[in-house]
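Chemist: Residue numbers (my numbering), protein chains in the order written: chain A, 339 to 680; chain B, 339 to 680.
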DNA sequence: TTGGGTTCTCAAAGCGCTTTGAATGAGTTC
DNA sequence: GAACTCATTCAAAGCGCTTTGAGAACCCAA
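Below you can see the structure in the form of structure tokens.
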């Protein structure tokens, strides 16, 4: 069923049918309802490609996910983010397309995306502190919003980020207030901007209390459960075990807890743990008595908001960049307690 | 830069340029390389919509994810699956588009997808035992592959599934061999086919050994860490604590382990646990001494394969449905041991 | 009756590509 | 040198939609 057939069924021209369906004022209400009903009855939906050709809008948003190598891990946070963004798109009638972009030929890939013209805008995932994609995308003249930021890129662009620096600074202060001085940081890859910011918050907090940040307490890697377990085990069985851990993801935290309990220690008494918590749907930390003390921010909500920002930008591409910094909540749970160390 | 401009630059017709770029034999090699080089130099990529209009192929695959309500959890397995499928699509030049489809008006949504003509095929996620989408999609004449199966739908259609029945039957046998009789099942939602099959494997295994499946040992819900923790805690502190758990996801298993250790028990000695393990990238159970005894199957590999099947189907829509049942591995880890119960 | 405004509808062009059917020119054959 | 290939190239139609610029049809005032 295409427009021509529908028009024939109605004894109207394609023009009139098109206008009726798209809400133009030049068509009488009687005609409009007649058209709409017939369209529904015959299951008519306009062909996306043709519509895109004619309007220059594809009604699709791309999510570009950098992939360093074929077997890299997938960010466990991604599912929730997508779910949030997907809600927004569905309401606005946009499709969501996922592009796994190899880091080798980024420039080519983004140029191709622009040239193919099948995306009205992009969400950029996983920004590094010094991310070359931002300059590239700006020059391509394609609306985009970064989920996160690139601290070393001093250009105007749209982003939504959580305040990673403040989150980890507050969390560190919280531990310091409890008397902890030997605080280990188990971070994500510090080429990633969020991890970079978190370390800065951590080191600044320590330095402000005259605690010299100790490199042997600072780790950075991909955020898996195993990484948390192994790192915490190594540290706790080493010659100067930390009394507290500050970790960058709930998944890492599970590994850290396993390490602690595996050594016969009790989390929250013998060893304190604060984690960042993305409020993932399958990993809730939200009972009446949360297990983990955590800096919390819903990544699903972030998805919703980033998507809305991008749609605004598409609506009016001339407007200045939109930015939004979301503060995190500090949730007090059972994983922290006063330092027992003499 | 469009085809016409490119052709003008080359002093050739659009026809010749198009044929050169698409590998048709009627154009001389000299011309072809000249065209290809110029195209690269000018960053030409054909407009996706126009190409789709002309060829009838959109070079895009849809992933349709049923959503019962706005705040439903996102399957944590999804990220890895997508990563696998994405690899396959990238190689073949397809885009991947995600559709979150509300369960209310499924029929309308799928019809619209077909009518809009912007997807060459679909991957269907989260099949229920009695999934109405399969009949619908068959009638729409749009290639599709189901990730999983719908046991109560007796139609021919393409699917790829793991052998959930056998996996849980073997796992149950393994526990029975160790002397366990009080085995609790912590399953996913049993309207989902995978969970239905797993329960069947479990109950059949018990029945074959003259152990009557006890409904008070059988739980089904969304597979979160909290669900595992709460269910295991309730059972272990109840009046007839099980000696073993059979659980449907690695995330649940983390909760179960937490419950066990929280009660001062040791997993693998006091209580045995077998989990299904999707081999998620951020939750590896693959060290030299795996933590969990598990039925394992890589969901990322499943993603790769499902995508390949769909591409085959698109290649030749006339062929009969493709099906593939993947067996799972039984990994022996440290979470199981002989039953201590008198 | 005529002229001038509304209101509604339409034919046709154009978006950027592929593909059909035809034309051109060079090379072969007799 | 005419007749015939074969290899290249091209003009134009068509995919399904939106949108421009224009034409009917109607009503009211003069």
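Glycine residues also receive a C-beta, built at the ideal position from the N, C-alpha and C atoms.
Assuming contact is defined by CB atoms lying nearer than 7 Å, are residue 526 of chain A and residue 556 of chain A in contact in what I supplied?
Modeler: A distance of 7 Å or more separates the beta carbons of residue 526 of chain A and residue 556 of chain A.
Chemist: Just verifying my parser: in three-state terms, what is the DSSP assignment at residue 459 of chain A?
Modeler: strand
Chemist: Residue 341 of chain A lies in the alpha helix (DSSP H); which residues open and close that run?
Modeler: It spans 341-348 - the alpha helix (DSSP H) in which residue 341 of chain A sits, taken as one unbroken run.
Chemist: Who are the near neighbours of residue 675 of chain A in its chain, counting only those whose CB is closer than 8 Å to its CB and skipping five residues on each side?
Modeler: 516, 606, 607 and 610
Chemist: So residue 431 of chain B and residue 397 of chain B are in contact, right, with Cβ under 8 Å, and what is the actual spacing, rounded?
Modeler: Their Cβ separation, rounded to whole angstroms, is 6 Å, which keeps residue 431 of chain B and residue 397 of chain B in contact under 8 Å.
Chemist: Could you check if residue 331 of chain B is buried or exposed, using at least 16 other CB atoms within 10 Å of its CB as the buried criterion?
Modeler: Nothing can be reported for residue 331 of chain B: it is not among the residues displayed for chain B, which extend from 339 to 680.
Chemist: Hey, how far is the Cα of residue 603 of chain B from the Cα of residue 596 of chain B?
Modeler: Between the C-alpha atoms of residue 603 of chain B and residue 596 of chain B there is a straight-line separation of about 10 Å.
Chemist: Return no unless some Cβ of chain A is closer than 7 Å to the Cβ of residue 344 of chain B.
Modeler: no
Chemist: Between residue 456 of chain B and chain A, is any beta-carbon pair separated by less than 7 Å?
Modeler: Residue contact with chain A for residue 456 of chain B: present (Cβ-Cβ distance below 7 Å to some residue of chain A).
Chemist: Where does residue 480 of chain B sit, in a helix, a strand or coil, going by DSSP?
Modeler: The three-state secondary structure of residue 480 of chain B, taken from DSSP, is coil.
Chemist: Please report the residue range of the beta strand (DSSP E) in which residue 688 of chain A lies.
Modeler: Outside the displayed range of chain A (339 to 680) lies residue 688 of chain A, so it cannot be described from this structure.
Chemist: Locate the beta strand (DSSP E) running through residue 662 of chain B, then write down its first and last residues.
Modeler: 661-664
Chemist: On a CA-only basis, which of A/439, A/399 and A/343 is nearest residue 385 of chain A? Give me that one, please.
Modeler: A/343
Chemist: Excluding five sequence neighbours on each side, which residues of the same chain lie with their C-beta closer than 7 Å to the C-beta of residue 666 of chain B?
Modeler: 500, 501, 505, 633, 634 and 635
Chemist: Measure the C-alpha to C-alpha separation of residue 423 of chain B and residue 548 of chain A and round it to an integer number of angstroms.
Modeler: Each residue's Cα considered, the two are about 50 Å apart.
Chemist: Do we get a CB-CB distance below 7 Å when we pair residue 462 of chain A with the residues of chain B?
Modeler: no
Chemist: I'd like to know whether the C-beta of residue 669 of chain B is nearer than 7 Å to at least one C-beta of chain A.
Modeler: no
Chemist: Among A/643, A/624, A/351 and A/658, whose alpha-carbon lies nearest the alpha-carbon of residue 672 of chain A?
Modeler: Selection A/643, A/624, A/351 and A/658 evaluated against residue 672 of chain A yields A/624 as nearest (Cα-Cα).
Chemist: How far does the alpha helix (DSSP H) with residue 541 of chain A in it reach, from first residue to last?
Modeler: 531-546
Chemist: Beta-carbon of residue 449 of chain A versus every beta-carbon of chain B: anything under 7 Å?
Modeler: yes
Chemist: Restricting to Cα atoms, I'd like to know which of B/443, B/441, B/446 and B/425 is closest to residue 436 of chain A.
Modeler: B/425
Chemist: Check residue 607 of chain A in the structure and name its three-state DSSP category.
Modeler: coil
Chemist: If we define contact as Cβ-Cβ less than 7 Å, is residue 424 of chain A a contact residue for chain B?
Modeler: yes
Chemist: Using the beta-carbon of each residue, which ones in chain B are nearer than 9 Å to residue 383 of chain A?
Modeler: Contact of residue 383 of chain A with chain B by beta-carbon distance below 9 Å involves 449, 450, 451, 452, 453, 454 and 455.
Chemist: Could you pull the start and end residues of the beta strand (DSSP E) that residue 634 of chain A belongs to?
Modeler: 631-634
Chemist: What residues of chain A sit near residue 589 of chain B, judged by a beta carbon separation below 9 Å?
Modeler: 620 and 621
Chemist: Note down, in chain order, each residue of its chain lying with its Cβ closer than 7 Å to the Cβ of residue 434 of chain B, except the 5 sequence neighbours on either side.
Modeler: Taken in chain order, the residues that qualify are 399, 401, 423, 424 and 427.
Chemist: Pick from A/438, A/404 and A/458: whose alpha carbon is nearest that of residue 653 of chain A?
Modeler: Cα-wise, what sits closest to residue 653 of chain A is A/458.
Chemist: Run the CB neighbour count on residue 528 of chain B, radius 10 Å, all protein chains shown included, and call it buried at 16 or more, exposed below.
Modeler: Buried: at least 16 other Cβ atoms inside 10 Å.
Chemist: Does any residue of chain A have a CB that is nearer than 7 Å to the CB of residue 416 of chain B?
Modeler: Yes, residue 416 of chain B counts as interfacial toward chain A.
Chemist: Check whether chain A comes within 7 Å of residue 434 of chain B, counting only Cβ atoms and requiring the distance to be less than that.
Modeler: yes
Chemist: Just tell me which of B/394, B/580, B/534 and B/387 has its CA closest to the CA of residue 392 of chain A.
Modeler: B/387
Chemist: Is there a C-beta anywhere in chain B that falls below 7 Å from the one on residue 609 of chain A?
Modeler: no
Chemist: Please say whether residue 483 of chain A and residue 470 of chain A have beta carbons closer to each other than 7 Å?
Modeler: no
Chemist: Buried or exposed for residue 670 of chain A, going by 16 or more other Cβ atoms inside 10 Å?
Modeler: Flag for residue 670 of chain A reads exposed.
Chemist: Taking only three categories from DSSP, how would you classify residue 553 of chain B?
Modeler: helix
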